[in-house]
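All residue numbers for the sequence shown refer to the working numbering, where the first residue is 16 and numbers rise by one.
Taking it in order: structure first as structure tokens, then the write-up.
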Amino acid sequence: MATAEVALVERAQAGEAVAFEAIFSQYEGPIYNYILRLIGNSEDAYDLTQDTFVKAYRGLSKTKPDLNLSAWLYCIATNTCRDELRRRKIIKWHPWDDVIDMLYARKESSDNPEKETLQKEMQEIVQRVLDKLPYRYRTCLILREFEGLSCQQIAKVLGTSRSAVKSLLFRAREEFRTTYRAIEAESI
Numbered sequence: 016m017a018t019a020e021v022a023l024v025e026r027a028q029a030g031e032a033v034a035f036e037a038i039f040s041q042y043e044g045p046i047y048n049y050i051l052r053l054i055g056n057s058e059d060a061y062d063l064t065q066d067t068f069v070k071a072y073r074g075l076s077k078t079k080p081d082l083n084l085s086a087w088l089y090c091i092a093t094n095t096c097r098d099e100l101r102r103r104k105i106i107k108w109h110p111w112d113d114v115i116d117m118l119y120a121r122k123e124s125s126d127n128p129e130k131e132t133l134q135k136e137m138q139e140i141v142q143r144v145l146d147k148l149p150y151r152y153r154t155c156l157i158l159r160e161f162e163g164l165s166c167q168q169i170a171k172v173l174g175t176s177r178s179a180v181k182s183l184l185f186r187a188r189e190e191f192r193t194t195y196r197a198i199e200a201e202s203i
């Protein structure tokens, strides 16, 4: 981890509010987006993002200053979402697109209504596929494909080994592809 980040964590651990605000400012957007993809509702994602940072603030004093801050925050966010989903006993997930281009196409406005319609249909299919995937597969795919975490970082978030994450990703992608093709074939 960068020396500046270690110093920032140390300052936050010492109770310096400005330091924790800097951590919050840096990670609020990525954590919110991650939670939004897991939960699928912007209001709930906002609340769970706040809960994540409250938990981080309370737990920061118990951590080592040289911790991988990003992985630690994603771990807290994952656990916060898991707890909320268990509490509700429902699971809603936003799309993980099999085609990475779809991630970026969604962010850009299109003047082509046909293209937008096709993208929306594909996103709906992807949503249905994700609804069928086991929790760990979904989490692993979202952390890797949307959030860009390394296998090592995902391992820390999920509390498992790097090789287990690689295996999970392989199985998750295989199951995603199989289910995607089956649902896509039904739609035709």
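Every residue gets a Cβ at the ideal spot worked out from N, C-alpha and C, and that includes glycine.
Because the structure is a prediction, the values reported are computed rather than measured.
Is the beta carbon of residue j closer than 8 Å to that of residue i?
| i | j | result |
| --- | --- | --- |
| Tyr152 | Leu183 | yes |
| Thr194 | Lys147 | yes |
| Arg159 | Ile198 | no |
| Tyr89 | Val172 | yes |
| Phe191 | Arg52 | no |
Let me know if residue i comes out buried or exposed under the rule of 16 or more other beta-carbons within 10 Å of its beta-carbon.
| i | result |
| --- | --- |
| Val33 | exposed |
| Thr154 | buried |
| Thr93 | buried |
| Leu145 | buried |
| Ala170 | buried |
| Leu164 | buried |
Which of the three DSSP states, helix, strand or coil, is assigned to residue i?
| i | result |
| --- | --- |
| Leu133 | helix |
| Pro149 | coil |
| Gly44 | helix |
| Asp81 | coil |
| Asn127 | coil |
| Glu20 | helix |
| Leu88 | helix |
Can you list, in chain order, the residues of its chain whose CB lies under 7 Å from that of residue i, leaving out five sequence neighbours each side?
| i | result |
| --- | --- |
| Ile54 | Ala60, Leu63, Cys96, Lys107 |
| Cys166 | Arg177, Val180, Lys181 |
| Ala71 | Leu88, Ile91 |
| Leu23 | Ala34, Ala37, Ile38 |
| Asp98 | none |
| Pro80 | Val21, Val24, Glu25, Gln28 |
Going along the chain, which residues of its own chain have a beta-carbon closer than 8 Å to the beta-carbon of residue i, five neighbours each way excluded?
| i | result |
| --- | --- |
| Glu20 | Leu84 |
Contact check, residue i vs residue j under 8 Å by CB: the rounded distance?
| i | j | result |
| --- | --- | --- |
| Ala27 | Leu75 | 6 Å |
| Tyr47 | Ile157 | Contact doesn't hold; Cβ gap of about 13 Å is too wide. |
By Cβ distance, which residues of its chain are closer than 6 Å to residue i, with the 5 residues on each side in sequence left out?
| i | result |
| --- | --- |
| Phe68 | Phe39 |
Looking at the ligand HEM, does it come within less than 7 Å of residue i, judged from the CB to the closest heavy atom?
| i | result |
| --- | --- |
| Ser182 | As for the ligand HEM, it is missing from this structure, which has no ligand bound. |
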